[in-house]
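Under the working numbering, read the sequence shown as residues 97 to 177, first letter to last. Even for Gly, the Cβ is constructed at its ideal location relative to N, Cα and C. Predicted model, so just to flag it, every value in this text is computed and none were measured. Scroll down for the structure; my scribbles are underneath it.
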Amino acid sequence: MSGKDEKVTRVVGRACVVTIWGFVILGYIICYVVEQYYGYAMYYGMIVFLVPAIIVTILFVIGTTTGWLLKRRSGHQALDE
Numbered sequence: 097m098s099g100k101d102e103k104v105t106r107v108v109g110r111a112c113v114v115t116i117w118g119f120v121i122l123g124y125i126i127c128y129v130v131e132q133y134y135g136y137a138m139y140y141g142m143i144v145f146l147v148p149a150i151i152v153t154i155l156f157v158i159g160t161t162t163g164w165l166l167k168r169r170s171g172h173q174a175l176d177e
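This is the structure:
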């Protein structure tokens, strides 16, 4: 994978993480406003957004960390040779 492809992959990953967390935050704000107005809200419905947000974030962090570690390790191997 070229450097440009890696950069695009990282940007797309960040965009996905930010977008899904944006939906989670917006959903909880809407639930809070509805609860203030009507006296109740269906927070359990937000699990539909919260669980995927956590999963995507974990996958993004793992992918970023392992990519960094692999790049660092390959750099050390090149120096050793």
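Distance, residue 102 Cα to residue 163 Cα: About 9 Å.
Every unbroken beta strand (DSSP E) within the stretch 119-170, with a cutoff of 3 residues, ordered by chain: Taken in chain order, the complete beta strand (DSSP E) segments of 3 or more residues contained in the stretch 119-170 number zero; there are none.
Exposure label - residue 111; buried when at least 16 CB within 10 Å: Residue burial annotation: residue 111 is exposed, with fewer than 16 other C-beta atoms found within 10 angstroms of its C-beta.
Own chain partners of residue 114 with C-beta closer than 8 Å, once the 5 adjacent residues on each side are dropped: Excluding sequence neighbours, residue 114 sits near nothing in its chain.
Own chain, CB closer than 6 Å to residue 130, minus 5 neighbours either side, in chain order: The beta carbon of residue 130 lies closer than 6 Å to those of 137 in the same chain, with the five residues before and after it left out.
Residues near residue 153 in its chain [Cβ-Cβ closer than 7 Å; skip 5 each side]: The beta carbon of residue 153 lies closer than 7 Å to those of 113 in the same chain, with the five residues before and after it left out.
For residue 160 and residue 106, believed in contact at Cβ under 8 Å, the rounded distance: Between the beta-carbon of residue 106 and that of residue 160 there is about 7 Å, and that keeps the pair under the 8 Å contact cut.
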